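> Before anything else, here's the structure in question.
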Amino acid sequence: MHYFYLVFFAFFFQSCRENSDISGPRHPHGIIPAPAFFQPSGEEKSNIRQLKICLPENFGPTGYLQQLSKAVAQLTWTADCSSSNVILVHEDSLLSESYRLAVEKDSVRISYADDRGLQYALTSLIQMAEFGDFPLRMCTIQDRPSFSYRGMHLDVARHFFSVEDVKKYLDFMAFYKFNHFHWHLTDDQGWRIEIKKYPKLTETGAWRKETLVGHYNDEPVRYDGQKYGGFYTQGEIREIVKYAADRNITVVPEIEMPGHALAALASYPELGCSGGPYEVATTWGVFTDVFCPTEATFTFLEGVIDEVVTLFPGKYIHIGGDECPKESWKKSAFCQQLIKSRGLKDVYALQSYFITRMEKYINTKGRQIIGWDEILEGGLAPNATVMSWRGNEGGIEAAMTGHEAIMTPGSHCYFDHYQSEGPEEPLAIGGFTSLEKVYGWNPVPESLNAEQRNFIIGGQANVWTEYIRTYDRVEYMAYARAMAMSEVLWGTNSNYQDFLDRFDIHHLYWQKTGANVAYHLLDLKPQFLSGDGKGVRVKFTAPEGTVINYVINGQEEKKAKPGEEIVIDRSVNYTFQAKRGERTGRKISFNFDLHLGTQAIIQIDPPPSSKYFGNGPASLVNGVNGRNDSYSGVEWLGFEGTDAVITLDFQKNVTLNQVLLRFFKAEGQWIYLPPLIELYTSPDGVSFSKYTSISNIGAYEKIGDILFNLGGANTRFLKIHAHNYGVIPDGRQGAGHRAWLFIDEIAVR
Ligand code: ACM
Numbered sequence: 001m002h003y004f005y006l007v008f009f010a011f012f013f014q015s016c017r018e019n020s021d022i023s024g025p026r027h028p029h030g031i032i033p034a035p036a037f038f039q040p041s042g043e044e045k046s047n048i049r050q051l052k053i054c055l056p057e058n059f060g061p062t063g064y065l066q067q068l069s070k071a072v073a074q075l076t077w078t079a080d081c082s083s084s085n086v087i088l089v090h091e092d093s094l095l096s097e098s099y100r101l102a103v104e105k106d107s108v109r110i111s112y113a114d115d116r117g118l119q120y121a122l123t124s125l126i127q128m129a130e131f132g133d134f135p136l137r138m139c140t141i142q143d144r145p146s147f148s149y150r151g152m153h154l155d156v157a158r159h160f161f162s163v164e165d166v167k168k169y170l171d172f173m174a175f176y177k178f179n180h181f182h183w184h185l186t187d188d189q190g191w192r193i194e195i196k197k198y199p200k201l202t203e204t205g206a207w208r209k210e211t212l213v214g215h216y217n218d219e220p221v222r223y224d225g226q227k228y229g230g231f232y233t234q235g236e237i238r239e240i241v242k243y244a245a246d247r248n249i250t251v252v253p254e255i256e257m258p259g260h261a262l263a264a265l266a267s268y269p270e271l272g273c274s275g276g277p278y279e280v281a282t283t284w285g286v287f288t289d290v291f292c293p294t295e296a297t298f299t300f301l302e303g304v305i306d307e308v309v310t311l312f313p314g315k316y317i318h319i320g321g322d323e324c325p326k327e328s329w330k331k332s333a334f335c336q337q338l339i340k341s342r343g344l345k346d347v348y349a350l351q352s353y354f355i356t357r358m359e360k361y362i363n364t365k366g367r368q369i370i371g372w373d374e375i376l377e378g379g380l381a382p383n384a385t386v387m388s389w390r391g392n393e394g395g396i397e398a399a400m401t402g403h404e405a406i407m408t409p410g411s412h413c414y415f416d417h418y419q420s421e422g423p424e425e426p427l428a429i430g431g432f433t434s435l436e437k438v439y440g441w442n443p444v445p446e447s448l449n450a451e452q453r454n455f456i457i458g459g460q461a462n463v464w465t466e467y468i469r470t471y472d473r474v475e476y477m478a479y480a481r482a483m484a485m486s487e488v489l490w491g492t493n494s495n496y497q498d499f500l501d502r503f504d505i506h507h508l509y510w511q512k513t514g515a516n517v518a519y520h521l522l523d524l525k526p527q528f529l530s531g532d533g534k535g536v537r538v539k540f541t542a543p544e545g546t547v548i549n550y551v552i553n554g555q556e557e558k559k560a561k562p563g564e565e566i567v568i569d570r571s572v573n574y575t576f577q578a579k580r581g582e583r584t585g586r587k588i589s590f591n592f593d594l595h596l597g598t599q600a601i602i603q604i605d606p607p608p609s610s611k612y613f614g615n616g617p618a619s620l621v622n623g624v625n626g627r628n629d630s631y632s633g634v635e636w637l638g639f640e641g642t643d644a645v646i647t648l649d650f651q652k653n654v655t656l657n658q659v660l661l662r663f664f665k666a667e668g669q670w671i672y673l674p675p676l677i678e679l680y681t682s683p684d685g686v687s688f689s690k691y692t693s694i695s696n697i698g699a700y701e702k703i704g705d706i707l708f709n710l711g712g713a714n715t716r717f718l719k720i721h722a723h724n725y726g727v728i729p730d731g732r733q734g735a736g737h738r739a740w741l742f743i744d745e746i747a748v749r
């Protein structure tokens, strides 16, 4: 819990491939998470061509490290310690998990605090040999994490992952020096841990009759009609716990209570307040049927905990506590009586009673509870650790009252969110959490003072799997961002550009192993500059060292730098692609139509909603149409309950023949075509006269392309007033809510 304030030195040296077996780019050390202190001895290289390591007896991670380094040609393991040129020294005086590593002319010296320190030193050495300069640069490393809790979570309830999959996850975690695996074992959609005393939990609770297809918000909802489920036997759980321990990873099992309990209630309906019947959930979300705080429920949960503590030797048992609706307790005569007899204030105090009672029981087993931040409501259990997920507030409150907190705010730590805005991203729950955003996260809330900060013991990334059906998809969603998270939790996330250089190398390594690691560094997102009377330009941001290659009309090849304005001067196709080192990004392509509007100055008053702001007003006159299949992205502008009033100034008198307006329609999402559109002209931008209007715009499926023939109107200004329903009328979808109006491109000829 102590802080380790470090100065992180970043070094930029030319990469070097001499005498190396491994092709591809290199880095001075290549280690993720970057070590706290790395000091090369100038440019000097060691003479070592083959690292020979003799491991101590009974060292847990031996098998793991030997397996890990199989493909690393520069490293061999030996049982003959006299032949080793990697000298290992155990030093009690070092802090837990820390190590020192010195690459000298003819040997490597490692001092380590404990098993973890030695495992991390050797992992760093393997990464240096694989990804860094080789022969190794002579250097000194002093290394130790900032946070003692460095977690990755996996939800196996929404979708089930095999023992082999979980082992892959643990291997990945170990490679990046994570030390806690939060295993989300029970939820509404499935109970995944065998409990001998309660066999129905896995006979019934581990299976659902079918699963939602598509997104939770889709209408109409669809199900796949396929029975789905699975669970881990106690033997398999022991195998995984041992596998994790051999990598110095502690498994934190989560048994959800009092909410997210439908799978348990379906198995033992007497544990709910209504008595059931209940069904294992087939869709996502939060359900109102939860454990009833009866003696039968406590006996049951204590029985479950009795077996859980024999399977998981770690300090923490996670008991959930999140998202527990109180409806069933409010309706229950038993609960109302219990509230009265215990002198509790309300149902929130009843939740606190529930958690505190379970905490006491778990404490008698010598263990401590972790709960999601809702366990603060109604009074926090005395020894509980809070996992802060609904922002930082729960963690702040815990730390201010002297409780440990683990930070896992949705904004930075939910890896079920989108990581790219590219159109081919697989369906995700929502949100947007890029690699760069994760990397820039600081787990310690700024508002805490030095003493309170000590209670923030670390952070964790969460991988909820409603929209993640396969392990391949877990890799895609989690791995890239977990690399960034590892550096955050190690406390060395100070140089994103340097991280990207290492990320590139590690990414290639994972690709070679067949892992499906996302790569979005070279996704180009255009920023259009238009609507200022100077024509259409586009620019891109991209990591340092990126070149933007573009091809005009399939023929003319050009290059630009990130941030450089590219002038679009022809109505043809432009294709853009980023290149950095050996890597190229996805191609993006636009068919520009440089109509008269692209030369105009545009004004929109009132502005569109900040939720759908695209590239701002420029989006409407950049010569590019918004997508037909989606209203998000840089083209479409959304107005929530307000009219779109848009004025174009052509800066001189022009003759207008046609105006083509384009609207998006999706009434299920409360997006309506305008009931009335008016066009005005003006010579001076002050006095406008109505030129034409349309109030019955006809039937359109999704895109309303509305054409006005103006027959040679002469004007300097054109005002378009597209009316919004404001509030959605009765009888239509979303009635009573604010209507959305979506527009993209005002094509003027
Ligand atoms: C949570 O995401 N419900 C902890």
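Per my numbering, the sequence shown starts with residue 1, numbered consecutively.
Note that CB positions come from ideal geometry on N, CA and C, so glycine has one too.
In this text the structure is predicted, and so the values were computed from the model without any measurement.
Any chance the segment 205 to 225 sits against the segment 486 to 493, with 3 or more Cβ pairs inside 8 Å?
Touching, no, given that fewer than three Cβ pairs across the two stretches are closer than 8 Å.
> Among all the DSSP beta bridges, which residues are the ones paired with Leu-679?
Stepping through the sequence shown from its first residue, residue 679 is reached at position 679. DSSP output for Leu-679 lists Thr-692 and Ile-720 as bridge partner(s).
> Would you check if the distance between the CB atom of Leu-201 and the CB atom of Ser-267 is smaller than 9 Å?
Walking along the sequence shown from the start, residue 201 turns up at place 201. Walking along the sequence shown from the start, residue 267 turns up at place 267. Yes; because the gap between Cβ atoms is below 9 Å, this pair is in contact.
> State yes or no: is the C-beta of Tyr-112 within less than 9 Å of the C-beta of Leu-75?
On the sequence shown, residue 112 is found 112 positions in, with the first residue counted as 1. On the sequence shown, residue 75 is found 75 positions in, with the first residue counted as 1. Contact flag unset, no.
> Would you check if the distance between the CB atom of Gly-275 and the CB atom of Gly-321 is smaller than 9 Å?
Here residue 275 corresponds to residue number 275 of the sequence shown, with the count starting at 1. Here residue 321 corresponds to residue number 321 of the sequence shown, with the count starting at 1. Result no, Cβ atoms of Gly-275 and Gly-321 do not sit closer than 9 Å.
> Does ligand 1 have even one heavy atom less than 8 Å from the beta-carbon of Asp-106?
Here the question's residue 106 lines up with position 106 in the sequence shown. No, Cβ of Asp-106 sits at least 8 Å from all heavy atoms of ligand 1.
> Residue range of the beta strand (DSSP E) that Leu-101 falls in?
The count along the sequence shown starts at 1 and reaches residue 101 at position 101. Leu-101 -> beta strand (DSSP E) spans 99 to 103.
> Label Cys-273 either buried or exposed according to how many other C-beta atoms from any shown protein chain fall within 10 Å of its C-beta, with 16 as the threshold for buried.
Here residue 273 is taken as the residue at index 273 of the sequence shown, counted from 1. Flag for Cys-273 reads buried.
> From the DSSP output, in three-state form, read off Asp-21 for me.
Within the sequence shown, residue 21 is the residue found at index 21, counting from 1. Unreliable positioning characterises Asp-21 in this predicted model, as indicated by a pLDDT of 39, which lies under 50. The coordinate reading is nonetheless provided below. Three-state result, Asp-21: coil.
> If you run the structure through DSSP and keep just helix, strand and coil, what is Ala-333?
Translated into the one-based positions of the sequence shown, residue 333 becomes position 333. Helix.
> Please check the pair Pro-135 and Ser-41, which I expect to be a contact at CB under 8 Å, by giving their CB distance rounded to whole angstroms.
Counting from one through the sequence shown, the residue named residue 135 turns up at place 135. Counting from one through the sequence shown, the residue named residue 41 turns up at place 41. 13 Å between Cβ atoms; not a contact.
> In the DSSP assignment, find the unbroken alpha helix (DSSP H) run with Glu-164 in it and report its ends.
Residue mapping note: residue 164 aligns to position 164 of the sequence shown, counting from 1. Counting along the chain, the alpha helix (DSSP H) containing Glu-164 begins and ends at 163 to 175.
> Which residues mark the beginning and the end of the alpha helix (DSSP H) in which Asp-155 is found?
Here residue 155 is taken as the residue at index 155 of the sequence shown, counted from 1. From DSSP, Asp-155 is part of no alpha helix (DSSP H) but of the beta strand (DSSP E) over 149 to 155.
> Assuming Tyr-169 and Leu-154 form a contact by the criterion Cβ under 8 Å, report the distance between their Cβ atoms to the nearest whole angstrom.
By 1-based counting over the sequence shown, the position of residue 169 is 169. By 1-based counting over the sequence shown, the position of residue 154 is 154. With a Cβ gap of about 6 Å, Tyr-169 and Leu-154 count as contacting.
> From what residue to what residue does the beta strand (DSSP E) around Asp-218 run?
One-based indexing of the sequence shown puts residue 218 at position 218. Neither: Asp-218 is in no beta strand (DSSP E) and is coded neither H nor E.
> Hey, how far is the Cα of Arg-586 from the Cα of Lys-579?
Residue 586 sits at position 586 when you count from the first residue of the sequence shown. Residue 579 sits at position 579 when you count from the first residue of the sequence shown. Arg-586 and Lys-579: Cα-Cα distance of roughly 10 Å.
> Can you tell me which of Pro-35, Val-624, Glu-667 and Gly-641 puts its alpha carbon nearest to the alpha carbon of Gly-535?
As a position in the sequence shown, residue 535 is number 535, starting the count at 1. For Gly-535, the nearest C-alpha among the options comes from Val-624.
> Out of curiosity, what's the CA-to-CA distance linking Ile-22 and Gly-30?
To locate residue 22, count along the sequence shown from 1; it is residue 22. To locate residue 30, count along the sequence shown from 1; it is residue 30. The predicted position of Ile-22 is uncertain, since its pLDDT is 43 and thus under 50; no value can be drawn from it.
> From the DSSP output, which residues share a beta bridge with His-27?
Position 27 of the sequence shown, counting from 1, holds the residue named residue 27. DSSP lists Gly-132 as partners of His-27.
> Going by C-alpha to C-alpha distance, which of Met-257, Gly-190 and Thr-204 sits closest to Thr-282?
Working through the sequence shown from its first residue, we reach residue 282 at position 282. Among Met-257, Gly-190 and Thr-204, the Cα nearest to that of Thr-282 is on Gly-190.
> Going by DSSP in three states, Gln-511 sits in which element: helix, strand or coil?
Reading the sequence shown from its first residue, position 511 is the one you call residue 511. In this structure, Gln-511 counts as helix in the three-state DSSP scheme.
> Could you name the residues of the same chain whose beta carbon sits closer than 7 Å to that of Pro-562, not counting the 5 residues immediately before and after it, in chain order?
If you number the sequence shown from 1, residue 562 lands on position 562. Answer for Pro-562: Phe-540, Thr-541, Ala-542, Thr-546 and Ile-548, listed in chain order.
> Quick one, what's near ligand 1 if you take every residue whose CB is closer than 6 Å to any heavy atom, in chain order?
Spelled out in chain order, the answer is Asp-322, Glu-323, Trp-372 and Trp-389.
> Please classify Ile-743 as buried or exposed, where buried requires at least 16 other C-beta atoms within 10 Å of its C-beta.
Along the sequence shown, read from residue 1 onward, the residue named residue 743 stands at position 743. By the 10 Å Cβ count, Ile-743 comes out buried.
> Let's see if you can read the secondary structure: which residues bound the alpha helix (DSSP H) around Cys-139?
Taking the first residue of the sequence shown as 1, we reach residue 139 at position 139. Per DSSP, Cys-139 belongs to no alpha helix (DSSP H); it is in the beta strand (DSSP E), 137 to 143.
> Could you check where the alpha helix (DSSP H) with Lys-200 kicks off and where it finishes?
Translated into the one-based positions of the sequence shown, residue 200 becomes position 200. Here the alpha helix (DSSP H) through Lys-200 covers 200 to 203.
> Measure from the alpha carbon of Phe-298 to the alpha carbon of each residue in Val-280, Asp-289 and Ile-355, then state which is nearest.
Here residue 298 refers to the residue found at position 298 when the sequence shown is read from its first residue. The option with the nearest alpha carbon to Phe-298 is Ile-355.
> Whole-angstrom Cβ separation of His-412 and Phe-455, contact assumed at under 8 Å?
For the purposes of this step, residue 412 is taken as the residue at position 412 of the sequence shown. For the purposes of this step, residue 455 is taken as the residue at position 455 of the sequence shown. Actually they are not in contact, since the Cβ atoms of His-412 and Phe-455 sit about 19 Å apart, beyond 8 Å.
> Helix, strand or coil for Trp-284, going by three-state DSSP, please let me know.
In the sequence shown, counting from the first residue as 1, residue 284 sits at position 284. Trp-284 falls in the coil class under three-state DSSP.
> Specify whether the segment 568 to 582 and the segment 590 to 597 touch according to this definition: at least 3 beta carbon pairs, one from each stretch, less than 8 Å apart.
With the cut-off at 8 Å, the segment 568 to 582 and the segment 590 to 597 touch.
> So is His-721 in contact with chain B if we call contact Cβ pairs under 9 Å?
Here there is only one protein chain, and chain B is not present.
> Cα-Cα, which of Lys-196, Gln-234 and Leu-741 is closest to Phe-613?
In the sequence shown, counting from the first residue as 1, residue 613 sits at position 613. Among Lys-196, Gln-234 and Leu-741, the Cα nearest to that of Phe-613 belongs to Leu-741.
> Ser-689: buried (16+ other C-beta within 10 angstroms of its C-beta) or exposed?
Taking the sequence shown and counting its residues from 1, one reaches residue 689 at position 689. Exposed.
> From Lys-559 to Glu-544, what does the alpha carbon distance come to, in whole angstroms?
Looking up residue 559 in the sequence shown gives position 559. Looking up residue 544 in the sequence shown gives position 544. So the two alpha carbons sit approximately 15 Å from each other.
> Helix, strand or coil for His-2 per DSSP?
On the sequence shown, position 2 is the one that residue 2 refers to. Note that His-2 scores 35 on pLDDT, short of 50, meaning its location in the model is unreliable and no value can be drawn from it.
> According to DSSP, simplified to helix, strand and coil, what is His-412?
Taking the first residue of the sequence shown as position 1, residue 412 is located at position 412. It is helical.
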